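Q: Below you'll find the structure I mean.
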Amino acid sequence: MSDIRSKLNAIYSMEQLAAKNTGIHRLHPDVKIIVTLVYIVCVASLGRYDLARLAPFLFYPVLMITAAELPPAMILRRALAALPFCLFAGVSNLIFDKKILLRIAGVPVSGGFLSLLTLTARSLLCVSAVLILAGVTPFSLLSDSLRRAHVPEIMVSLLEMVYRFTAVLIGEAASMVTAFRLRANGRQWPDLREFIPFTGQLFLRSSDRAERIYQAMQCRGGHLQGVQRMRRPLNRADFLFLLAGCGSAVLFRLFDITQRIGALFI
17 MSDIRSKLNA IYSMEQLAAK NTGIHRLHPD VKIIVTLVYI VCVASLGRYD
67 LARLAPFLFY PVLMITAAEL PPAMILRRAL AALPFCLFAG VSNLIFDKKI
117 LLRIAGVPVS GGFLSLLTLT ARSLLCVSAV LILAGVTPFS LLSDSLRRAH
167 VPEIMVSLLE MVYRFTAVLI GEAASMVTAF RLRANGRQWP DLREFIPFTG
217 QLFLRSSDRA ERIYQAMQCR GGHLQGVQRM RRPLNRADFL FLLAGCGSAV
267 LFRLFDITQR IGALFI
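Those letters in the sequence shown? Residues 17 to 282, by the numbering used here.
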């Protein structure tokens with residue numbers, strides 16, 4: 017059961033990080049969302065061979081992690097979870113794009129390999145930006161910002177349900193696995209024949225508990241729609257962060273800073 021509980025703690029460890037009181041955490045959530053979106057758009061819109069141009073974009077996650085006092089190892093470990101998808105999506109480039117674009121210490125580098133590295137780097141930077149946003153902003157404030165941005169209520173509610181239902185699902189799975197191990201004479205996990213009814217019971221138990229949680233929320237006003245929470249105005253720090261974050265991302269996207277700096281030394 018401890019391994020399943022550890023997964024649950026890992027999921028909601030970002031929420032614990034978002035409860036800190038650093039200068040980054042105190043910024044307006046709308047501003048942090050806008051900066052993150054602009055950063056992701058600028059990174060994702062770079063060319064397939066623009067690996068060197070991604071170097072200046074490293075400043076944003078490094079500065080944010082340092083200023084917000086986030087654990088770099090945890091952010092990197094979670095960002096690496098997207099690595100298999102990047103490799104699966106970019107492995108075809110190695111097969112179809114064999115044109116030699118450059119040589120490094122006499123070693124030829126094909127366009128497919130360079131595009132694969134670029135795709136991987138872009139994905140890691142974008143995922144890191146999203147993880148940093150989740151680590152410096154509570155989920156409730158993110159959902160409030162989405163509602164103020166007129167995102168459809170059904171989409172915001174689904175996000176909240178999935179986010180909260182995950183804890184219910186993992187908690188019920190931990191209880192069922194513990195009960196199975198106590199009755200299975202030393203076995204740790206059910207076999208394939210027992211897995212189908214195990215999954216069905218897990219779904220029924222978690223759905224029943226989620227329904228009870230929803231009824232408790234309704235008793236406390238959770239069913240009310242369009243409730244306006246207190247919205248604080250933007251201050252000077254918010255405008256400075258918005259200008260610095262969006263301005264630097266757009267600057268790095270429009271101008272090849274890496275080439276200009278390299279030309280100065282050459």
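By construction, the Cβ of each residue, glycine as well, lies at the ideal position given by its N, Cα and C atoms. These numbers come from a predicted model, not from an experiment.
What are the start and end residues of each continuous beta strand (DSSP E) run of 3 or more residues lying completely inside the stretch 109-176, in chain order?
A: Whole beta strand (DSSP E) segments, 3+ residues: 116-120 and 123-126.
Q: Run the CB neighbour count on Asn-109, radius 10 Å, all protein chains shown included, and call it buried at 16 or more, exposed below.
A: Answer is buried; the Cβ neighbour count reaches 16.
Q: Taking all protein chains shown into account, decide if Phe-219 is buried (16 or more other Cβ within 10 angstroms of its Cβ) or exposed.
A: Burial call: exposed.
Q: If contact is defined by three or more beta carbon pairs under 8 Å, each pair taking one atom from either stretch, is the stretch 128-139 in contact with the stretch 147-155?
A: Because the criterion of three Cβ pairs below 8 Å is not met, the stretch 147-155 and the stretch 128-139 do not touch.
Q: Could one say the Cβ of Arg-64 lies closer than 8 Å to chain D's Cβ atoms, at least one of them?
A: Annotation note: the requested chain D is absent from the structure, which comprises a single protein chain.
Q: Should Ile-148 and Ile-186 be called a contact, given that it needs their Cβ atoms to be closer than 8 Å?
A: Against a cut-off of 8 Å, the Cβ pair of Ile-186 and Ile-148 comes out as no contact.
Q: Does DSSP put Ile-56 in a helix, a strand or coil?
A: Looking at Ile-56 - three-state DSSP - the assignment turns out to be helix.
Q: Using three-state DSSP, classify Thr-182 as helix, strand or coil.
A: In this structure, Thr-182 counts as helix in the three-state DSSP scheme.
Q: Write down the C-beta distance between Thr-274 and Ala-71 rounded to the nearest angstrom, noting that I regard them as a contact closer than 8 Å.
A: Correct: roughly 5 Å between the Cβ atoms.
Q: Mind checking whether Met-233 and Gly-151 have CB atoms under 8 Å apart?
A: Result no, Cβ atoms of Met-233 and Gly-151 do not sit closer than 8 Å.
Q: Below 7 Å CB to CB, which residues in the same chain sit around Ile-81 once its five sequence neighbours on both sides are set aside?
A: Result list for Ile-81: Pro-88, Ile-91 and Ile-148, in chain order.
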